[in-house]
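In the working numbering, the protein residues as written are 1362 to 1629.
Yeah, the Cβ is synthetic: ideal placement off N, Cα and C, and Gly gets one too.
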């Protein structure tokens, strides 16, 4: 039995250090075979999934679920830190040390004598300090620093928001909508031409332009698209029920018949 396991104490309530100790026990010989086999790469998707479950708890305004899901995300952080400690690169204390130093450096209006009495000024200072500490010399480097692993709609929104700070943006939503219309026309032309490369490129431009519009009307694109998915499923369910009620086979019905049912549900 490992030393850590033999010294483990069952408690009524546990704290952060207990979580660190439990993860170490799970990874040690005699612990959990599955946990011991994992790598940064193998649990990468788990981290993403747990993060989205936190978002779902927030959207549901469910504090108990949020507490649970935040714990799962914290466990993922400790899991990765334990793997890195075993590799000899860093441990959980180094993770905490780095984020504490980052917070102190990026809040000079709190921990130093810099004045920032509005949120806008705080964000302005934050961006300037971030650019300096990350040794970003050009505005393009700042845009490219937005994580490439983010969901594409979120990444597009962040890139566009940063570009706006550099003065590269439309004056109002009208310009963004005109650009969206232009990109849709270019997509139509690409579809007519039949070029796979052009269709790929122009479809991406349409999505990017749609995100531009979302910024001007203060709509979070990822959330809006997710909501539209939910709305589609809900309406589809009603169309399916209505078709069954009227003896319509959806698989053999014409698009016109199904579209009529869809419009009927939509107008209800």
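To the nearest angstrom, how far is it from the Cα of residue i to the Cα of residue j?
i: residue 1472; j: residue 1466; result: 8 Å
i: residue 1406; j: residue 1529; result: 35 Å
i: residue 1606; j: residue 1425; result: 40 Å
i: residue 1310; j: residue 1423; result: Given a span of 1362 to 1629 for the chain in the structure shown, any question on residue 1310 remains unanswerable.
i: residue 1397; j: residue 1404; result: 12 Å
i: residue 1533; j: residue 1519; result: 18 Å
i: residue 1577; j: residue 1485; result: 20 Å
i: residue 1497; j: residue 1441; result: 27 Å
i: residue 1493; j: residue 1589; result: 40 Å
i: residue 1631; j: residue 1575; result: Because residue 1631 is not part of the residues shown, which for the chain are 1362 to 1629, the question remains open.
i: residue 1610; j: residue 1600; result: 11 Å
i: residue 1452; j: residue 1434; result: 17 Å
i: residue 1464; j: residue 1495; result: 14 Å
i: residue 1554; j: residue 1561; result: 12 Å
i: residue 1506; j: residue 1602; result: 48 Å
i: residue 1474; j: residue 1568; result: 44 Å
i: residue 1490; j: residue 1478; result: 17 Å
i: residue 1502; j: residue 1420; result: 33 Å
i: residue 1447; j: residue 1401; result: 12 Å
i: residue 1379; j: residue 1368; result: 11 Å
i: residue 1537; j: residue 1579; result: 13 Å
i: residue 1591; j: residue 1457; result: 38 Å
i: residue 1455; j: residue 1566; result: 41 Å
i: residue 1593; j: residue 1620; result: 13 Å
i: residue 1390; j: residue 1462; result: 35 Å
i: residue 1373; j: residue 1449; result: 33 Å
i: residue 1482; j: residue 1535; result: 28 Å
i: residue 1504; j: residue 1394; result: 42 Å
i: residue 1376; j: residue 1612; result: 56 Å
i: residue 1408; j: residue 1445; result: 16 Å
Taking 7 Å as the limit between beta carbons, can you name the residues of its chain near residue i, skipping five residues before and five after?
i: residue 1563; result: 1544, 1547, 1548, 1551
i: residue 1354; result: Only positions 1362 to 1629 of the chain appear in this structure, which leaves residue 1354 out of reach.
i: residue 1476; result: 1470
i: residue 1622; result: 1600, 1603, 1604
Between residue i and residue j, which are expected to be in contact by the criterion C-beta below 8 Å, what is the C-beta distance as a whole number of angstroms?
i: residue 1384; j: residue 1439; result: 5 Å
i: residue 1443; j: residue 1388; result: 6 Å
Considering only heavy atoms of the ligand COA, does any lie closer than 8 Å to the CB of residue i?
i: residue 1557; result: As presented, the structure is devoid of all ligands, the ligand COA included, so that no description of it is given.
Please return the same chain residues whose Cβ sits closer than 6 Å to the Cβ of residue i, not counting the five positions on each side in sequence.
i: residue 1487; result: 1467
i: residue 1381; result: 1439, 1453
i: residue 1411; result: 1433, 1434, 1437
i: residue 1598; result: none
Once the 5 residues before and after residue i are set aside, which same chain residues still bring their CB inside 8 Å of it?
i: residue 1630; result: In the structure displayed, the chain extends from 1362 to 1629; residue 1630 sits before or after that span and is not available.
i: residue 1509; result: 1516
i: residue 1522; result: 1576
i: residue 1511; result: 1519
i: residue 1585; result: 1575
i: residue 1430; result: 1411, 1414, 1415, 1417, 1418
i: residue 1582; result: 1514, 1515, 1517, 1518, 1571, 1572, 1575
i: residue 1540; result: 1531, 1570, 1573
i: residue 1627; result: 1596
i: residue 1427; result: 1415, 1418, 1419
i: residue 1625; result: 1603
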